[in-house]
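Step one of this worksheet: look at the structure below.
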Amino acid sequence: MNTPEPASTGHFIRRIIEDDLKTGKTGGRVVTRFPPEPNGPPHIGHAKSIGMNFGLAAEFGGVCHLRFDDTNPSTEDVEYVDAFQRDIRWLGFDWGQNLFYASDYYERLYTYAVELIKKGKAYVCELNTGEFKEYRGVPTRPGKESPGRTRLVEENLDIFARMRAGEFDEGRYVLRARIDMASPNLHLRDPVIYRIKKEVHHRTGAVWCIYPMYDFAHCLSDSIEKITHSICTLEFEVHRPLYDWILDALEVYHPRQIEFARLNLSYTIMSKRKLQQLVEGKQVAGWDDPRLPTLAGLRRRGYTPAAIRDFCERIGITKFNSLTDVALLEHCIRDELNKTASRVMAVLNPLRVVIDNYPEDQEEFFDAVNNPEDPTMGSRKVPFSRVIYIERDDFREQPPKKFFRLAPGQEVRLRYACYITCTSVVKDDKTGEIVELHCTYDPASRGGASPDGRKVRGTIHWVSARHAVQAEVRLYDRLFLHENPAEAEGNDFLRHLNPNSLQVVTGFLEPGLVSVNPWDRVQFERLGYFCADGVDSKPGQPVFNRIVTLKDSWGKIEKGSAG
RNA sequence: UGCCGGAUGGUGUAAUGGUAGCACAGCAGACUCUGGAUCUGCUUGUCUAGGUUCAAAUCCUAGUCCGGCAGCCA
Numbered sequence: 021m022n023t024p025e026p027a028s029t030g031h032f033i034r035r036i037i038e039d040d041l042k043t044g045k046t047g048g049r050v051v052t053r054f055p056p057e058p059n060g061p062p063h064i065g066h067a068k069s070i071g072m073n074f075g076l077a078a079e080f081g082g083v084c085h086l087r088f089d090d091t092n093p094s095t096e097d098v099e100y101v102d103a104f105q106r107d108i109r110w111l112g113f114d115w116g117q118n119l120f121y122a123s124d125y126y127e128r129l130y131t132y133a134v135e136l137i138k139k140g141k142a143y144v145c146e147l148n149t150g151e152f153k154e155y156r157g158v159p160t161r162p163g164k165e166s167p168g169r170t171r172l173v174e175e176n177l178d179i180f181a182r183m184r185a186g187e188f189d190e191g192r193y194v195l196r197a198r199i200d201m202a203s204p205n206l207h208l209r210d211p212v213i214y215r216i217k218k219e220v221h222h223r224t225g226a227v228w229c230i231y232p233m234y235d236f237a238h239c240l241s242d243s244i245e246k247i248t249h250s251i252c253t254l255e256f257e258v259h260r261p262l263y264d265w266i267l268d269a270l271e272v273y274h275p276r277q278i279e280f281a282r283l284n285l286s287y288t289i290m291s292k293r294k295l296q297q298l299v300e301g302k303q304v305a306g307w308d309d310p311r312l313p314t315l316a317g318l319r320r321r322g323y324t325p326a327a328i329r330d331f332c333e334r335i336g337i338t339k340f341n342s343l344t345d346v347a348l349l350e351h352c353i354r355d356e357l358n359k360t361a362s363r364v365m366a367v368l369n370p371l372r373v374v375i376d377n378y379p380e381d382q383e384e385f386f387d388a389v390n391n392p393e394d395p396t397m398g399s400r401k402v403p404f405s406r407v408i409y410i411e412r413d414d415f416r417e418q419p420p421k422k423f424f425r426l427a428p429g430q431e432v433r434l435r436y437a438c439y440i441t442c443t444s445v446v447k448d449d450k451t452g453e454i455v456e457l458h459c460t461y462d463p464a465s466r467g468g469a470s471p472d473g474r475k476v477r478g479t480i481h482w483v484s485a486r487h488a489v490q491a492e493v494r495l496y497d498r499l500f501l502h503e504n505p506a507e508a509e510g511n512d513f514l515r516h517l518n519p520n521s522l523q524v525v526t527g528f529l530e531p532g533l534v535s536v537n538p539w540d541r542v543q544f545e546r547l548g549y550f551c552a553d554g555v556d557s558k559p560g561q562p563v564f565n566r567i568v569t570l571k572d573s574w575g576k577i578e579k580g581s582a583g
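And the structure:
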């Protein structure tokens with residue numbers, strides 16, 4: 021094993037673990053857990069938690085359990101159980117034998133509940149939801165005690181058993197912890213720990229008709245698994261006293277709950293409900309739409325596990341809410357792909373160029389380096405002929421200052437090929453649109469080297485028209501125009517959708533690209549990083565997704581001078 | 001306005017009583033057969049007011065602002 025990354029210094033959770041190890045509090049053990057509820061798709065926010073829980077465990081020689089918090093059969097589905105397992109593995113983490121489900125503990129949890137009743141610390145409550153609400157009170161006023169609060173233990177035991185037996189309708193009774201109806205913390209005002217739900221569970225089937233609430237199931241599942249550090253998000257901070265109360269009341273093994281701030285990413289949304297709204301409203305193509313921050317979407321887009329892990333490391337762990345700039349995520353994927361992705365040439369918005377002094381029937385092959393960052397990736401031959409395509413943006417009839425690309429009378433280098441000079445422009449009679457350029461090339465510049473030492477400032481990419489292959493290319497951009505759509509005025513995040521988040525074009529690619537495999541990632545030189553779509557690509561007929569553009573300093577210059 | 005948590009450049013974070021640092025973004029320059037990459041430099045910050053101290057982002061007091069909590073969701 022090589023040494024871990026220069027440890028982005030110890031964040032507060034890492035420090036807590038170090039301290040606990042030092043003081044021997046956990047007997048030298050580190051056991052964390054990632055506890056998703058399988059009721060929505062894994063997204064990059066989960067990745068932050070996954071990376072931390074599995075990462076911390078690995079760092080301290082411990083283990084991290086994967087435990088599904090499946091205590092609410094009405095909202096959960098195996099679809100998401102599978103998705104979490106698939107995506108955690110994809111991210112590169114391994115729970116080994118430690119795959120658990122809260123539903124595995126139902127019998128045991130029931131026994132704990134009975135024990136609580138016997139201790140006089142839980143009781144059956146017959147209040148309906150309206151009454152329940154009224155009795156609970158509000159933060160500024162204490163609640164009232166439920167009539168059930170004084171019920172005898174024997175009677176509580178009897179009713180609870182009959183709840184389990186299915187004798188009552190949903191809502192007729194709940195089991196509540198007997199704590200303090202006057203507590204300033206609402207979660208301590210005799211919280212519900214079991215409710216009747218006549219639902220078929222995705223794992224236990226119809227065996228149960230009562231299900232434990234999160235607060236009851238979670239702490240005890242942690243306890244059963246001998247978790248040392250139970251890391252969760254900030255909104256559970258007010259639940260911690262209840263977490264502690266239950267474990268103390270039952271006198272069982274007591275993990276420590278630690279809270280951190282969840283991830284927010286700019287120009288996107290992370291809430292299950294909103295993601296679902298996008299999918300169901302057909303604003304996107306599905307959970308794996310490449311514009312979504314779901315792990316399936318990011319994967320489909322072409323993001324790598326390493327880049328996502330890197331991102332999760334860089335964002336850090338704190339206790340305050342923040343909005344992380346998506347530019348950091350983009351930096352992470354560019355950083356990796358710059359080192360690993362093969363360079364190829366592709367023209368996405370073609371302009372036909374005829375090289376008048378190049379013989380009609382001639383063709384030749386130029387050497388092109390596959391990756392200037394990595395010589396071991398070798399080179400390839402790229403075909404050249406009299407008619408080529410260049411990017412429309414690389415020509416200006418009236419070039420602005422500092423425009424180093426092609427313009428009438430201006431010379432430019434064709435990447436790896438030769439120098440050409442534009443001699444004339446052909447336009448459509450009616451529309452005035454430029455339809456074709458005529459150029460001459462300098463035979464002495466073959467291979468792209470300067471024959472006489474003259475400097476050519478611009479280098480543009482190209483594709484031989486005769487040899488080009490065509491492919492569908494999907495140009496993705498951020499899904500929202502607003503930096504923080506979830507917080508946007510009017511509460512209507514859909515209003516801020518980017519109407520141009522997807523643009524589909526037909527690209528002209530150098531011929532070698534027909535043989536890419538699905539999921540292969542390449543750099544289209546000067547344009548960006550692209551991934552052969554893993555679903556829609558067919559043998560010999562790839563479809564490309566743009567992962568991220570290259571940094572475009574010319575775009576900035578031009579934008580700046582125009583403004 | 002009850003309870004809990006929080007506040008460091010544009011953004012994300014580090015510094016736990018001793019030179020406010022790093023990354024992203026931005027700007028400027030160098031280099032370049034990708035206006036990419038790389039390299040160099042630069043701008044910008046401790047919520048406010050008091051206090052303790054030789055010394056405060058850090059400790060104390062008061063205030064301001066932000067987030068969370070009133071599901072039989074997690």
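Just so you know, the first sequence maps onto residues 21 to 583 in my numbering. Each residue gets a CB set at the ideal place from its N, CA and C atoms; glycine is no exception.
#1: How about residue 293 and residue 308: are their beta carbons less than 8 Å apart?
#2: For the putative contact between residue 497 and residue 316, defined by C-beta atoms under 8 Å, what is the C-beta separation to the nearest angstrom?
#3: With three or more beta-carbon pairs closer than 8 Å as the criterion, would you say the stretch 422-432 touches the stretch 381-390?
#4: Are residue 86 and residue 54 close, meaning C-beta to C-beta below 8 Å?
#5: What residues match up with residue 331 in a beta bridge as DSSP calls it?
#6: Enumerate in chain order the residues of its own chain whose CB-to-CB distance from residue 28 is below 8 Å, with the five nearest sequence positions on each side excluded.
#7: For the alpha helix (DSSP H) containing residue 239, name the first residue and the last one.
#8: When you compare the CB positions of residue 172 and residue 134, do they come within less than 8 Å of one another, or not?
#9: Considering just the uninterrupted stretch of the alpha helix (DSSP H) at residue 657, what are its terminal residues?
#10: Quick one: grab the DSSP three-state call for residue 428.
#11: Around the Cβ of residue 370, are there at least 16 other Cβ atoms within 10 angstroms (buried) or fewer (exposed)?
#12: Just mark residue 68 as buried or exposed, buried being the case when its beta carbon has 16 or more other beta carbons within 10 Å.
#13: Can you round the beta-carbon distance between residue 495 and residue 566 to whole angstroms, since I take them to be within the 8 Å contact cut?
#14: Is it the case that the stretch 531-542 contacts the stretch 354-371, given that we only count it when at least three CB pairs across the two stretches are under 8 Å?
#15: Would residue 562 pass as a contact of residue 491 if the rule is Cβ separation under 8 Å?
#16: In whole angstroms, what is the alpha-carbon distance linking residue 560 and residue 580?
#17: Please state the DSSP three-state secondary structure of residue 131.
#18: Where residue 341 and residue 351 are concerned, what is the direct C-alpha to C-alpha distance, given to the nearest angstrom?
#19: Check whether the stretch 194-205 touches the stretch 154-170, taking contact to mean three or more Cβ pairs, one atom from each stretch, closer than 8 Å.
#20: Could you tell me which residues DSSP pairs with residue 408 in its beta bridges?
#21: Measuring CB to CB, does residue 237 end up less than 8 Å from residue 78?
#22: What number of angstroms, rounded off, separates the C-alpha of residue 47 from the C-alpha of residue 40?
#23: What distance in whole Å lies between the Cβ atoms of residue 428 and residue 445, which are believed to be in contact at a cut-off of 8 Å?
#24: Here's the rule I'm using: 16 or more other beta-carbon atoms within 10 Å means buried, otherwise exposed. How should residue 91 be labelled?
So, to answer that:
#1: no
#2: So it is not a contact: roughly 19 Å between Cβ atoms.
#3: no
#4: yes
#5: Answer by DSSP bridge pairing: none, since residue 331 is not bridged.
#6: Because the pLDDT at residue 28 is just 46, under 50, the model does not fix this residue reliably, and the point stays unresolved.
#7: Start and end: 234-244.
#8: no
#9: Residue 657 lies beyond the stretch modelled for the chain, which goes from 21 to 583, so this question has no answer here.
#10: Residue 428 sits in a strand when the DSSP states are folded into three classes.
#11: buried
#12: buried
#13: 5 Å
#14: With contact defined as three or more Cβ pairs closer than 8 Å, the stretch 354-371 and the stretch 531-542 are in contact.
#15: yes
#16: 42 Å
#17: helix
#18: 22 Å
#19: yes
#20: 373 and 484
#21: No, the pair does not count as a contact, with Cβ atoms beyond the cut-off.
#22: 9 Å
#23: Going by Cβ atoms, the distance from residue 445 to residue 428 rounds to 6 Å, so yes, they are a contact pair.
#24: buried
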